[in-house]
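Asker: Okay, here's the structure, questions in a sec.
Here it is as structure tokens:
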């Protein structure tokens, strides 16, 4: 019936408004001061609307982060035929993303929730970490096929060694996150992962 | 003067009681439900006593963790002459520590604070991360001297690759933390860090 608003569409728009408000407010006030009240006010909805959809600040923040980071838009890693160059490209892009204060704050907020919440951590692994890991594995398998990575490398561990250090340094603030640093990580890790010369 | 209590000693005992209460209560109720009120009650002191020494729950938790983990007791890494075996020993011990719920909860609480607080992160690096990193570097330098590690390895990056994956997997809960896993990390990392055969 024309003229009658679609309740599903309206509620989608409200959800999106709430998720956007959460990220915006987070960027302004930081995670410790972020409240459901504040998000409701910013989104122009009642607190009860938020509680109808999310059980806690943690689950709201988690979904806001997924939406912000582009849920479901996970793309394959580049494959130019040069594994080291492709890995450096991806990790440099990660460093650039983390340099954006909105992204930095949203990702820190999500991590705080994961650190303390088993269930949310499981959702994070299932919805974000595992799909990303599969794409990384595919790129490493392609490198194995063309002889740029040894056949007997444990791919799970290789991924942890290549992608873990950047995340750690960012999370713990143990050193500057630069393109130089990620280049060194890739070069150092790949020394041992390349096939041995006969 | 005998019989007159030493105010410094008394205040040391009170501090220790507060730090212990913080760790005990954390183990019971978890970080999100931990309050200064609860810690004061458990320690048998007034809230004002706590606020006199610590500006926030974060700085109290941080010091409680340092005391619990043995502040200043950082010991050199074992050196049996076999780098791989020594690294596995240290990392297996870390896995065992993190398997203790009290240690796990205290370390998670400290990380939550570090993730959101620049100043506390700086203190963490200065008081815990950097001294530990120096000890790791010393062990790697000894391995370089006896030809078990290549001369041109960037030690900072090598440390991130050897010790980062365990921390990551624990913090993000991306997989089981086992002795097998840390053995694989050490073996995979060292493949590339050993001197090349001439």
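Chains as they are written, first to last, in full-length UniProt numbering: chain W, 1 to 198; chain H, 1 to 198.
Just so you know, even glycine gets a beta-carbon here, dropped at the ideal spot from N, CA and C.
Fair warning: this is a prediction, and the values are worked out from it, not measured in the lab.
Pull up the CB-CB distance for residue 111 of chain W and residue 166 of chain H, whole angstroms please, since I reckon it's below 8 angstroms.
Answerer: Incorrect: roughly 17 angstroms between the Cβ atoms, too far for contact.
Asker: If you compare alpha carbons, which of H:153, H:58, H:147 is closest to residue 32 of chain H?
Answerer: It is H:58 whose Cα lies nearest to the Cα of residue 32 of chain H.
Asker: Take residue 78 of chain H as the anchor and find which of H:146, H:69, H:89, H:68 has the nearest alpha-carbon.
Answerer: Among H:146, H:69, H:89, H:68, the Cα nearest to that of residue 78 of chain H is on H:89.
Asker: Can you pull the chain H neighbours of residue 51 of chain W, defined as C-beta to C-beta under 8 angstroms?
Answerer: In chain order: nothing, as chain H lies at least about 17 angstroms away.
Asker: Taking only runs that begin and end inside the segment 52-120 of chain W, name each unbroken alpha helix (DSSP H) of 4 or more residues, in chain order.
Answerer: Those alpha helix (DSSP H) runs which fall completely within the segment 52-120 of chain W and span 4+ residues are 57-69, 83-98, 101-116.
Asker: Could you have a look at residue 44 of chain W and say whether DSSP puts it in helix, strand or coil?
Answerer: Coil.
Asker: Of the residues H:156, H:30, H:192, which one's Cα is nearest the Cα of residue 180 of chain W?
Answerer: When only C-alpha atoms are compared, the closest one is H:156.
Asker: Run through DSSP, which three-state label would residue 186 of chain H get?
Answerer: In the structure shown, residue 186 of chain H sits in a helix (DSSP, three-state: H, G or I).
Asker: Pull out every residue of the segment 87-107 of chain W whose Cβ sits closer than 7 angstroms to any Cβ of chain H, in chain order.
Answerer: The segment 87-107 of chain W vs chain H, Cβ under 7 angstroms: nothing.
Asker: Secondary structure at residue 177 of chain W, three-state DSSP: helix, strand or coil?
Answerer: It is coil, neither helix nor strand.
Asker: Can you list, in chain order, the residues of the segment 136-148 of chain W whose Cβ is nearer than 9 angstroms to any Cβ on chain H?
Answerer: Per Cβ criterion, the list is empty.
Asker: Mind listing the chain H neighbours of residue 157 of chain W? Cutoff is C-beta to C-beta under 9 angstroms, in chain order.
Answerer: Per Cβ cutoff of 9 angstroms: 165, 181, 184, 185, 187, 188, 189.
Asker: Which residues of the segment 9-39 of chain H have a Cβ closer than 9 angstroms to any Cβ of chain W? Give them in chain order.
Answerer: Result list: 30, 31, 32.
Asker: Can you grab the Cα-Cα spacing for the pair residue 188 of chain W / residue 10 of chain H, in whole Å?
Answerer: If you take the alpha carbons of residue 188 of chain W and residue 10 of chain H, they lie about 52 angstroms apart.
Asker: Could you have a look at residue 14 of chain W and say whether DSSP puts it in helix, strand or coil?
Answerer: Helix at residue 14 of chain W.
Asker: State the start and end residues of the unbroken alpha helix (DSSP H) segment that holds residue 172 of chain H.
Answerer: From DSSP, the alpha helix (DSSP H) with residue 172 of chain H extends over 155-172.
Asker: With a cut-off of 9 angstroms, does the C-beta of residue 69 of chain H fall near any C-beta of chain W?
Answerer: With 9 angstroms as the cut-off, residue 69 of chain H does not count as an interface residue toward chain W.
Asker: For a cutoff of 9 angstroms on Cβ pairs, would you count residue 172 of chain W as touching chain H?
Answerer: By this cut-off, residue 172 of chain W is an interface position.
Asker: Starting from residue 133 of chain H, trace the alpha helix (DSSP H) in both directions and tell me its first and last residue.
Answerer: Looking at the DSSP string, the run of the alpha helix (DSSP H) that includes residue 133 of chain H is 130-145.
Asker: Please decide whether residue 55 of chain W counts as near chain H, where near means a Cβ-Cβ distance under 9 angstroms.
Answerer: Chain H, which has no Cβ nearer than 9 angstroms to the Cβ of residue 55 of chain W, makes this no.
Asker: Roughly how many angstroms lie between the CA atoms of residue 135 of chain H and residue 83 of chain H, to the nearest whole one?
Answerer: Taking the straight line joining both Cα atoms gives about 14 angstroms.
Asker: What would DSSP say about residue 19 of chain H, mapped onto helix, strand or coil?
Answerer: In the structure shown, residue 19 of chain H sits in a helix (DSSP, three-state: H, G or I).
Asker: Cutting at 7 angstroms between CB atoms, please list the residues of its own chain near residue 103 of chain H, excluding the five before and the five after it.
Answerer: Excluding residues within five positions, the ones whose Cβ falls inside 7 angstroms are 97.
Asker: Mind checking the segment 113-124 of chain W against chain H and listing, in chain order, the residues whose C-beta falls within less than 8 angstroms of any C-beta there?
Answerer: Under the 8 angstroms Cβ criterion, the segment 113-124 of chain W contributes 114, 115, 116, 118, 121, 122, 124.
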